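Asks: Pasting a structure below so you can have a look.
There are 2 protein chains.
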Amino acid sequence: MDRTTVAGPPAGHLELAQLHGSLRDPLLDTMTFLNEVTARYPRAISFAPGRPYEDDFDVEEPVRDLAAYVAHLRGEGADEAEIRRTLLQYGPTAGTIREVVARTLAHDGLPVDPDHLVITVGAQEALLITLRALLADDHDVLLVTDPAYVGVTGAARLLDARVHPVAEGPDGPDPHALTTTLRDVRERGLRPRALSVVPDFANPSGTSMSVSARRRLLDLLRPEGVLVVEDNPYRLLGPAPHPPTLKALDRHRQVVHIGSFAKTLFPGARIGYVVADQVVHRPDGTTGTLAHELARLKSMITVNTPPLAQAVVAGALHRRDLRLGPATAGAAQRYASLMTLLRSELTRLFPPADRERLGVSWNDPAGGFFIALTVPFPAGPEALARCAEEFGVLWTPMRYFHADTAGDRVIRLSISCLDRDQVITGAERLAAFVRDEDERS
Amino acid sequence: MDRTTVAGPPAGHLELAQLHGSLRDPLLDTMTFLNEVTARYPRAISFAPGRPYEDDFDVEEPVRDLAAYVAHLRGEGADEAEIRRTLLQYGPTAGTIREVVARTLAHDGLPVDPDHLVITVGAQEALLITLRALLADDHDVLLVTDPAYVGVTGAARLLDARVHPVAEGPDGPDPHALTTTLRDVRERGLRPRALSVVPDFANPSGTSMSVSARRRLLDLLRPEGVLVVEDNPYRLLGPAPHPPTLKALDRHRQVVHIGSFAKTLFPGARIGYVVADQVVHRPDGTTGTLAHELARLKSMITVNTPPLAQAVVAGALHRRDLRLGPATAGAAQRYASLMTLLRSELTRLFPPADRERLGVSWNDPAGGFFIALTVPFPAGPEALARCAEEFGVLWTPMRYFHADTAGDRVIRLSISCLDRDQVITGAERLAAFVRDEDERS
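Order-wise, the sequence lines are chains X and G.
With full-length UniProt numbering, letter number 259 in the first sequence gets 259, and the count goes up by one each step, no holes.
With full-length UniProt numbering, letter number 185 in the second sequence gets 185, and the count goes up by one each step, no holes.
Pasting the structure below:
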């Protein structure tokens, strides 16, 4: 079609086919699905949402957090004009609370230089700016685990960036698959730039990497010149001691680390961060950091992370003595105990003989929100709708997180928003649905 | 260079030349410059920043705003669980406060359907998602006024989108230049998709469009199938009665309207919005709205606008009776009066004969933050540094906002952060600098 002469529809009418291609990718519905499915079936028990337990939230807390941060600023000698400017005016693009976040990360096992931090609107903006910096053109490839968090593949899609999947095994990205993918990508004349991975209690699979697998991954990628984008929002939500992050093991600046306070404090402030200590060599011979470049990109996305929301989070961190490990131990224990309960209920509901006959299986996360359950039927949106309407239980199709049809018979279950009774009843309803689907086929 | 075999630098070292091209575009430094230049010369009088007057800010206000919103939610029958979920949990992608914003916009002269709104992290995210939706590939062109707000050209650069400038005259985009550009763009086989314009007290030029120019612009673009992206954060910051927005004049859904509470309430919440009532026709024959598509894109950028920040803004709006016109009348009066003062000082400091001899001139905004001053020398960063260091006054080179070297001898002055004495002293210092530069050349 000659786009220059054929008259389109009237000005206020647009063809979806002529808007950006990402809008025709079902990927973009996944985030909305995750955000909103639970509201569509308010009476169902929901294993769907990846959101933290909210019954302990208190609307007075942000007020106390803000007061704590203001008191802290006063204690550091800030006058009232500086304080109101810090909270209410535009602020530095890289963030107002980098020092507070750096000290907290150090206490929780990840020493970082505040200058290597950018405070972002959730981990999502951190992912977006990291991919935008690293993926310069259509020769550049982002490797992602398969299945992958939809936020990383969605951000890449928005940027028209190439994504190649690498199968995830029980210990993280499969080294053989990774080596093969790297070779394939290079043989196609493309440049693998980074691998995105969630090493602790992965969304969506629940997989965690052993420390040796983490070291092996860094060793494998280092000579390839391929960075690791470590997306790690769940690391403190399992039993202590917490394994070292990929970034904590990194001696060669090969890891860009992304985190969030959405699961350790609360999501409503939408505060995330990225640690990017990579050295950037400019054409004039000078050097800077990747964090600096990420902040420059951020200036064209959100200008600043809301300074008021940053202040609330900084106050919350100060009130926890700049240590989230001890502060989240109770929540971590709660999630781990619900995960154990769900696994024991599944074991009870699907005895070994049934498991074998039906082809039902699951993995064994020690914490976090997610567990992957394999079922004997295609677990897509139709199955989900029937399960919600007839059995009163919700979950997420794993296929939403895969590059192809892998995961077609796997569902993601999240225990994060449920109590013990709901886990027990939900597992019973789910088992009834699985048996019913099996009998229908 | 064969990127597949040549070894690059070690993993933790990156070449700027191999990161995204936007990072080599000086455009990206402009936002950082605007954000941070004032901090670099703390003792200079600064006509540089585009930020609102902050001396009236009060750190207790967000606490009162939050309480007002909580009281409002309770009054509507929300229970405590719903309230804490609304403030502290993840929320709907399009926003939690669309109804409150829609009612406020209606009271201030712009009736909109809440379903056509998306609440964003400042106007910047609204610009980014609007451009991402409309600019599908490298055949699509965004037209921008020349000079243009750096946030719109920067967002386009991040998306590798094509931008063509349209000269701005004293009454907004020059109709002749616009017609010529449209023809040129189409002759090159490209598709003009939208024109971005700031119709009230434009950043950077200070220009406002007359009502007849607004109607003419809509009439000119309608048959072309080219949308208007109306970026209008300053409209209430001038003398009442405020002229109708382009969106208020729009009877054909040809305008996407973007606004912000950064200048009418305070920037630190970073709450903006986009009104997009365009009909989107899907391949299956169903229809939706552009607002819905924008929310889908937003889900991959920031997931949600911080619900806590939205709650603060909603409370602030309720405390102002959902009317920003009366609430900002005092601030608008203050800005208008400073603008009048600056113009009269310039008139005093540059008598007509001097003006003619030196080639000094300026325009005449009735409100807003910005005025454009033409000077007889190249007004780039070197001139700015000398002016700051030797004369103690800051401003912004207008060349940062132009597609080419136009604006090389123009500077942007903002009165928004100054008091009357600073405007008077700042104008005197600036005049001394202009005369000194003229004598040196």
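Backbone N, C-alpha and C define an ideal beta-carbon position, used for all residues, glycine too.
All figures in this text were calculated on a predicted structure; none of them were measured in a lab.
Taking CB distances under 8 Å as the criterion, tell me whether residue 304(G) reaches chain X.
Replies: yes
Asks: Measuring alpha carbon to alpha carbon, tell me which residue in 88(X), 98(X), 122(X) is nearest residue 90(G).
Replies: 122(X)
Asks: Please report the distance separating the alpha-carbon of residue 277(X) from that of residue 290(X).
Replies: So the two alpha carbons sit approximately 6 Å from each other.
Asks: Check whether chain X comes within 8 Å of residue 430(G), counting only Cβ atoms and requiring the distance to be less than that.
Replies: no
Asks: Relative to the C-alpha of residue 144(G), which residue among 259(G), 30(G), 138(G), 155(G) is closest?
Replies: 155(G)
Asks: Any beta-carbon of chain G closer than 8 Å to the one on residue 422(X)?
Replies: no
Asks: Using a Cβ-Cβ cutoff of less than 6 Å, which residues in the same chain neighbour residue 314(G) once the five nearest sequence positions on both sides are dropped?
Replies: 69, 97, 100
Asks: List, in order along the chain, the chain X residues whose C-beta lies closer than 8 Å to that of residue 58(G)?
Replies: 84
Asks: Considering only the beta carbon of each residue, do residue 365(G) and residue 339(G) sit closer than 8 Å?
Replies: Residue 339(G) sits close to residue 365(G), with the two beta carbons spaced by under 8 Å.
Asks: Any idea which residues DSSP pairs residue 167(G) with across the strands?
Replies: 146(G)
Asks: Could one say the Cβ of residue 11(X) lies closer than 8 Å to chain G's Cβ atoms, at least one of them?
Replies: yes
Asks: According to DSSP, is residue 426(X) helix, strand or coil?
Replies: helix
Asks: Determine whether the Cβ of residue 29(X) lies closer than 8 Å to any Cβ atom of chain G.
Replies: Interface residue, yes.
Asks: Counting only Cβ pairs nearer than 8 Å, list the residues of chain X close to residue 151(G).
Replies: Residues of chain X passing the Cβ test: 300, 303.
Asks: How about residue 414(X) and residue 49(X): are their beta carbons less than 8 Å apart?
Replies: yes
Asks: Would you say residue 46(X) faces chain G, with C-beta separation under 8 Å as the test?
Replies: No, its Cβ sits nowhere closer than 8 Å to a Cβ of chain G.
Asks: With hydrogens ignored, establish whether the beta-carbon of residue 234(G) is closer than 7 Å to any heavy atom of the ligand PLP.
Replies: Ligands displayed in this structure: none; no statement on the ligand PLP is therefore possible.
Asks: Name the chain G residues whose beta carbon is nearer than 8 Å to that of residue 132(X)?
Replies: Within 8 Å Cβ-Cβ: 20, 22, 158.
Asks: Please identify, using Cβ separations under 7 Å, the residues of the segment 250–269 of chain G that lie next to chain X, in order along the chain.
Replies: 252, 253, 254, 266, 267, 268, 269
Asks: For chain X, check one thing: does any of its Cβ atoms lie closer than 8 Å to the Cβ of residue 116(G)?
Replies: no
Asks: Listing by chain order, which chain G residues have their CB less than 9 Å from the CB of residue 343(X)?
Replies: None at all; the shortest Cβ gap to chain G is about 26 Å.
Asks: My output table needs one value for residue 20(G): the three-state DSSP class, helix, strand or coil.
Replies: coil
Asks: Which runs of the alpha helix (DSSP H), 4 residues or longer, sit entirely within the segment 233–321 of chain X?
Replies: 246–249, 290–298, 307–319
Asks: What three-state label does DSSP hand residue 72(X) in the structure shown?
Replies: helix
Asks: Can you tell me which of the three DSSP states residue 457(X) falls into?
Replies: The structure shown does not extend to residue 457(X), since chain X is modelled only from 1 through 441, so no value can be given for it.
Asks: Can a CB atom of chain G be found closer than 8 Å to the CB of residue 402(X)?
Replies: no
Asks: Against chain G, with Cβ distances strictly below 8 Å, would residue 128(X) count as a contact?
Replies: yes
Asks: Can you check whether the C-beta of residue 155(X) is within less than 8 Å of a C-beta belonging to chain G?
Replies: yes
Asks: Examine chain X for any beta-carbon lying closer than 8 Å to the beta-carbon of residue 75(G), and answer yes or no.
Replies: Residue-level contact by beta carbon fails for residue 75(G) and chain X, as no gap is shorter than 8 Å.
Asks: Under three-state DSSP, which class holds residue 441(G)?
Replies: coil
Asks: If you drop the 5 nearest sequence neighbours on each side, which residues of the same chain put their C-beta closer than 7 Å to that of residue 441(X)?
Replies: For residue 441(X), where only same-chain residues beyond five positions count, the Cβ hits under 7 Å are 377.
Asks: Can you give me the start and stop residues for the alpha helix (DSSP H) that residue 390(X) sits inside?
Replies: Careful: residue 390(X) lies outside any alpha helix (DSSP H) and carries neither H nor E.
Asks: DSSP three-state label for residue 433(X), please.
Replies: helix
Asks: Considering only the alpha carbon of each residue, which of 228(X), 328(X), 73(X) lies closest to residue 127(X)?
Replies: 228(X)
Asks: Mapping the DSSP letters down to three states, classify residue 13(X) as helix, strand or coil.
Replies: strand
Asks: Given a cut-off of 8 Å on the beta-carbon distance, is the pair residue 308(G) and residue 427(G) in contact?
Replies: no
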